[in-house]
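Some notes on the structure that comes next.
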Amino acid sequence: MPSSRRRRPSRHRPSASAPLAALALALVTAALAGCTSGAAPDASTSARPSAPPSSSAPAATADPSEEPAPVTSPAEPPTPAAPAFDKSAMSIDDPASLWVVSDKLRPLSPIDYVPSDLVTIDVASQNPPVFRREAGDALLALFAAGEAEGAGQFQVQSAYRSYATQVSVYQGWVDRLGQAQADIQSARPGHSEHQTGLVADISPIPLSCALQACFGDTAQGQWLAANAWRYGWLLRYPADKTAVTGFTYEPWHFRYVGVPLATELHTTGVTTLEEFFGLPAAPTYAG
0 MPSSRRRRPS
10 RHRPSASAPL
20 AALALALVTA
30 ALAGCTSGAA
40 PDASTSARPS
50 APPSSSAPAA
60 TADPSEEPAP
70 VTSPAEPPTP
80 AAPAFDKSAM
90 SIDDPASLWV
100 VSDKLRPLSP
110 IDYVPSDLVT
120 IDVASQNPPV
130 FRREAGDALL
140 ALFAAGEAEG
150 AGQFQVQSAY
160 RSYATQVSVY
170 QGWVDRLGQA
180 QADIQSARPG
190 HSEHQTGLVA
200 DISPIPLSCA
210 LQACFGDTAQ
220 GQWLAANAWR
230 YGWLLRYPAD
240 KTAVTGFTYE
250 PWHFRYVGVP
260 LATELHTTGV
270 TTLEEFFGLP
280 AAPTYAG
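Going by numbering that gives the first Met the number 0, the first residue of the sequence shown is number 0, and it counts up by one from there.
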């Protein structure tokens, strides 16, 4: 009777399933390798944005040797020209005008004219310091400025003269020098600027060089020649204009014409009223 015990296989007999197991292991290994190579890319690589496609034109670069273009400021509007001085603003014929021109060819009209606004001003003087009001105020300002600026003190040698007074003054010169010389030194009655109330014959304090050419060399005379225009005064008879005015150099004789005209004369360098207003020279009387 066959034995019921199962027969144990021999230990040293190769099993038929071993090759199959090896094959299965190889397939598993290969599959795992394929999964690893097909895994998601590195996070750092996948997170980096892709570069934009490059342009075919190269990027423009500044040439360091080139200077920057200059910045142009906007053009400023042109400065308007100053209006021309109006020479017709006042009369040169009316004896009451600040611009009246009286010389050997231009007598006052009426010949015995008397200003209507004469006043006596408070200033040192050798004769009554009577002026037209505006001229008197301007003379006080002139003297105050000269003293304040170190030129010394001033006084009035002569101011307004009436027609009758000028008759006497002129005759005195004729008696002393004869008419030809008197006409160089003094105006005939009716032709004198003193009659307008706009003239001051000025001398220094202490008194020296009164009514003499040397007054122009004094501190007062030099200051007046340089600064009188600022206050509306004109040195009426300059040394180089005798052929125009008809009178010798009188550095003491100042005529009030107002600040606008005095400033224009100073600015333009014109020194006589005759030349400024285009009047004929008046070296002698008409008759």
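A virtual CB, placed ideally from N, CA and C, is assigned to each residue, including glycine. Predicted model, so just to flag it, every value in this text is computed and none were measured.
Please work out which residues of its chain come closer than 7 Å, Cβ to Cβ, to residue i, disregarding the five sequence neighbours upstream and downstream, and give them in chain order.
i: Gly245; result: Asp102, Lys103, Ala281, Pro282, Thr283
i: Leu278; result: Val100
i: Met89; result: Ser96, Leu97, Trp98
i: Glu274; result: Val243
i: Leu260; result: Trp98
i: Pro51; result: Low local confidence applies: a pLDDT of 46 at Pro51 is under 50, so the model's placement there is unreliable, and no value is given.
i: His265; result: Trp228
i: Glu146; result: Gln152
i: Ala150; result: Ala218, Gln219, Trp222
i: Phe276; result: Lys86, Ile91, Val100
i: Lys240; result: Thr270, Thr271
Roughly how far, in whole angstroms, is the beta-carbon of residue i from the beta-carbon of residue j, given that I think they are within contact range, below 8 Å?
i: Gln156; j: Trp251; result: 7 Å
i: Ile120; j: Pro128; result: 5 Å
i: Val173; j: Ala181; result: 4 Å
i: Asp116; j: Arg131; result: 5 Å
i: Gln194; j: Arg229; result: So it is not a contact: roughly 26 Å between Cβ atoms.
i: Ala140; j: Tyr255; result: With a Cβ gap of about 11 Å, Ala140 and Tyr255 do not count as contacting.
i: Val118; j: Ala158; result: Incorrect: roughly 11 Å between the Cβ atoms, too far for contact.
Among residues of its own chain, excluding the 5 on either side of residue i, which ones have a beta-carbon nearer than 6 Å to its beta-carbon?
i: Leu223; result: none
i: Ile183; result: Thr247
i: Gln125; result: Gln156
i: Val258; result: Gly231
i: Ala238; result: Tyr248
i: Leu272; result: Val100
i: Ala263; result: The sequence given here places Glu at residue 263; Ala does not occur at that position. Within the same chain, Glu263 has close Cβ partners Phe84.
i: Pro106; result: Gly189, His190
i: Phe142; result: Phe153
i: Leu206; result: none
Around the Cβ of residue i, are there at least 16 other Cβ atoms within 10 angstroms (buried) or fewer (exposed)?
i: Glu148; result: exposed
i: Gly171; result: exposed
i: Leu234; result: buried
i: Gln154; result: buried
i: Glu75; result: exposed
i: Thr270; result: buried
i: Gly177; result: exposed
i: Thr217; result: buried
i: Arg175; result: exposed
i: Ala286; result: Rather than Ala, the amino acid found at residue 286 in this sequence is Gly. It counts as exposed.
i: Val113; result: exposed
i: Gly220; result: buried
i: Ser191; result: buried
i: Gly215; result: buried
i: Asp200; result: buried
i: Ser185; result: buried
i: Pro320; result: With the chain covering 0 to 286 only, the question about residue 320 has no answer from this structure.
i: Ala23; result: At Ala23 the pLDDT is 47, less than 50, meaning the model places this residue with poor confidence; the figure from the coordinates comes in the next sentence. So Ala23 ends up on the exposed side.
Quick check: residue i and residue j, are their CB atoms within less than 8 Å of each other?
i: Ala212; j: Ser202; result: no
i: Ala134; j: Gly196; result: yes
Enumerate in chain order the residues of its own chain whose CB-to-CB distance from residue i is below 8 Å, with the five nearest sequence positions on each side excluded.
i: Ala123; result: Gln152, Phe153, Gln154, Val155, Ile204
i: Val166; result: Pro188
i: Tyr236; result: Thr244, Phe246, Thr247, Tyr248, Glu249, His252
i: Ala144; result: Asn226, Arg229, Tyr230
Can a CB atom of chain B be found closer than 8 Å to the CB of residue i?
i: Leu210; result: The structure shown contains no chain B; it holds only a single protein chain.
Runs of alpha helix (DSSP H) lying entirely within the segment 130 to 172, each at least 4 residues, in chain order
DSSP runs (the alpha helix (DSSP H)) wholly in the segment 130 to 172: 132 to 147.
Which parts of the segment 222 to 286 are runs of the beta strand (DSSP E), unbroken and 3 residues or longer, counting only runs that do not cross its ends?
Fully enclosed beta strand (DSSP E) runs of 3 or longer: 232 to 234, 252 to 255.
Quick check on the DSSP output: what are the complete alpha helix (DSSP H) runs of length 4 or more inside the segment 94 to 124, in order along the chain?
Runs of alpha helix (DSSP H) with 4 or more residues, each lying fully within the segment 94 to 124, are absent.
Completely contained beta strand (DSSP E) runs for the segment 191 to 217, where each covers 3 or more residues
Within the segment 191 to 217, the complete beta strand (DSSP E) segments at least 3 residues long are 198 to 204, listed from N- to C-terminus.
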